[in-house]
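*Asks:*
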Amino acid sequence: MKKETPNTESVVAIRNLKKGFGPKEVLKDVSLDLKKQENLVVLGKSGTGKSVLIKCIVRLLRADAGEISVFGEEINGLDKPALDDIRKRIGFLFQSAALYDSMTVRENLEFPLRRIRKGLSEQEIDQKVHDALENVGLVEAIDKMPSELSGGMRKRIGLARTIIVDPEIILYDEPTTGLDPVTSNEISILINEIQQKYKASSIIITHDMECVRTVADRIIMLKEGAVYKEGSFKEFQGGDDDYINSFFKPQNTELNKN
Ligand SMILES: Nc1ncnc2c1ncn2[C@@H]1O[C@H](COP(=O)(O)OP(=O)(O)OP(=O)(O)O)[C@@H](O)[C@H]1O
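Each residue of the sequence shown is one higher than the one before, starting from 0 at the first, in numbering that gives the first Met the number 0.
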C-alpha cells in the first residue's frame with residue numbers, strides 16, 4: 000500500500016462531465032482531479048463508463064456537457080493541431096493496444112518515436128529504444144517478433160512503447176488483465192517505477208485489487224454515472240458499505256499475496 004502524495008497541482012480537472020450514447024446515459028455527473036505525479040485508480044462495475052471517461056480526456060469521445068481541462072487547457076474547445084499537441088504529452092496503454100505483428104520489437108518502439116518526436120537522430124532513437132526496453136527489463140527482446148513473446152512480455156513491450164515518448168500523463172486501461180498473478184504484480188511494480196522515473200501522472204482502470212493495492216495513491220469509485228467515493232486504499236477498506244466491500248472482499252485483495 001502506498002503513502003498519500005502531497006502534490007496538489009492538477010494536470011487533469013474534470014467538472015460535471017456528462018456522456019451518453021443515444022438514450023443511454025453513461026456518465027451523468029463526474030468531477031475529478033488527477034494531481035501531478037499521482038497514480039489515480041478508477042474503480043467501478045463493468046459498464047459504468049471507466050473507459051468512456053479516459054477516452055473523453057483525450058477527446059477520442061466528445062463530452063456531451065461539462066469541462067475537461069488537461070494541462071490547464073479546456074480540451075473541448077481546442078482545434079485539431081492544439082489537441083494533437085496535448086495528445087503527444089499523453090501515453091495510452093489500452094486493453095486492445097496490440098503490437099504490430101509484422102514488426103520487430105525495435106520497430107514497434109521506433110514507430111511512435113518517429114511520429115511524435117520528429118527530428119531525433121538515428122543514434123538518439125536507438126538510445127531511447129534501449130532505455131525504454133531497459134526500463135521494462137526486456138532489452139534482450141529487441142530483435143524478436145511479437146509472436147515470439149509471452150503475453151506478459153507483450154504487455155511490457157506495450158508499456159515500453161507508451162513510455163518511450165516521455166508522456167506526462169499515462170492512461171492505463173486494465174493493464175494486468177489476462178496475466179497470471181506473478182506477471183500482474185510485475186506490471187504493477189513497473190507502473191510505480193514509471194511514476195517515479197518519468198514523474199508521470201496516471202489514471203489506472205483496473206479490476207485487479209492487488210494492482211490497486213500496489214499502485215494507488217488515491218482511488219475514485221464510480222457508480223451509476225457519478226463519483227461514489229474517493230479516498231486511499233485504506234479508506235476504502237473495512238467499512239460497512241456493501242457495494243464498496245464487494246470490490247474489497249478478502250478473496251479479491253488476498254488473491255496474489257506472496
Ligand atoms: N462508442 C460507443 N458507442 C456506444 N456505446 C458505447 C460506446 N463506448 C462505450 N459505450 C457504452 O458505454 C458503457 C460504458 O462502457 P465502458 O467501456 O466505459 O465501461 P467500463 O466501465 O470501462 O467497463 P469494463 O470494466 O467492462 O471495461 C457501456 O454500456 C458501453 O456499451
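Cβ atoms here follow ideal geometry from the backbone N, Cα and C, with glycine treated the same way.
Let me know the alpha helix (DSSP H) ranges lying completely inside the segment 27-82, each 4 residues or longer, listed in chain order.
*Replies:* Here the runs fully enclosed are 49-56.
*Asks:* Here's the rule: buried if 16 or more other CB atoms are within 10 angstroms of the residue's CB, otherwise exposed. What is N257?
*Replies:* The pLDDT assigned to N257 is 34, lower than 50, so where the model puts this residue is not dependable; a value taken from the coordinates is nonetheless given after this. Exposed, since its Cβ has fewer than 16 Cβ neighbours within 10 Å.
*Asks:* How many Å lie between E253 and E223 at the Cα?
*Replies:* Here the model assigns E253 a pLDDT of 44, short of 50, so the residue's position is not dependable and the matter cannot be decided.
*Asks:* Does the Cβ-Cβ distance between L26 and G48 come in under 7 angstroms?
*Replies:* A contact, by the Cβ cut-off of 7 angstroms.
*Asks:* Which word fits R114, buried or exposed, when buried means at least 16 other C-beta atoms lie within 10 angstroms of its C-beta?
*Replies:* Answer is exposed; the Cβ neighbour count stays below 16.
*Asks:* Assign M0 to one of two classes, buried (16 or more other C-beta atoms within 10 Å of its C-beta) or exposed (fewer than that).
*Replies:* Flag for M0 reads exposed.
*Asks:* In its own chain, which residues sit with a C-beta less than 8 angstroms from the C-beta of L82, not counting the 5 before and 5 after it?
*Replies:* The answer, listed in chain order, is R58 and I74.
*Asks:* Should F91 go down as buried or exposed, given a rule of 16 or more other Cβ atoms within 10 Å for buried?
*Replies:* F91 comes out buried.
*Asks:* Check for me: the beta strand (DSSP E) holding Y197 runs from which residue to which?
*Replies:* Taken as a continuous stretch (DSSP letters only), Y197 belongs to no beta strand (DSSP E), being part of the alpha helix (DSSP H) at P180 to Y197.
*Asks:* Go ahead and label N255 buried or exposed: buried means 16 or more other beta carbons lie within 10 angstroms of its beta carbon, across all protein chains shown.
*Replies:* Caution is warranted here: a pLDDT of 37 is assigned to N255, below 50, making its placement in the model unreliable, and the coordinate value is therefore given only provisionally. Looking at its Cβ environment, which holds 16 or more other Cβ atoms inside 10 Å, N255 is buried.
*Asks:* For a quick check, are the C-beta atoms of I219 and V211 less than 7 angstroms apart?
*Replies:* Against a cut-off of 7 angstroms, the Cβ pair of V211 and I219 comes out as no contact.
*Asks:* With a CB to CB cut of under 8 angstroms and the five nearest residues on each side skipped, what residues in its chain are close to G151?
*Replies:* These residues qualify, in order along the chain: L178, D179, T182, E185 and I186.
*Asks:* From the DSSP output, in three-state form, read off G19 for me.
*Replies:* Strand at G19.
*Asks:* What are the start and end residues of the beta strand (DSSP E) that includes I203?
*Replies:* Note, I203: beta strand (DSSP E), S200 to I204.
*Asks:* Threshold first: 3 residues or longer. Then list the beta strand (DSSP E) segments lying entirely within the segment 205-256, N to C.
*Replies:* The segment 205-256 contains these whole beta strand (DSSP E) runs: 217-222 and 225-230.
*Asks:* Quick check on A140: buried or exposed, where buried means 16 or more other Cβ atoms within 10 Å of its Cβ?
*Replies:* Its Cβ being crowded by 16 or more others within 10 Å, A140 is buried.
*Asks:* Using a threshold of 7 angstroms, state whether the C-beta atoms of A131 and I168 are closer than that.
*Replies:* Result no, Cβ atoms of A131 and I168 do not sit closer than 7 angstroms.
*Asks:* Among residues of its own chain, excluding the 5 on either side of L52, which ones have a beta-carbon nearer than 7 angstroms to its beta-carbon?
*Replies:* Answer for L52: L26, V29 and V41, listed in chain order.
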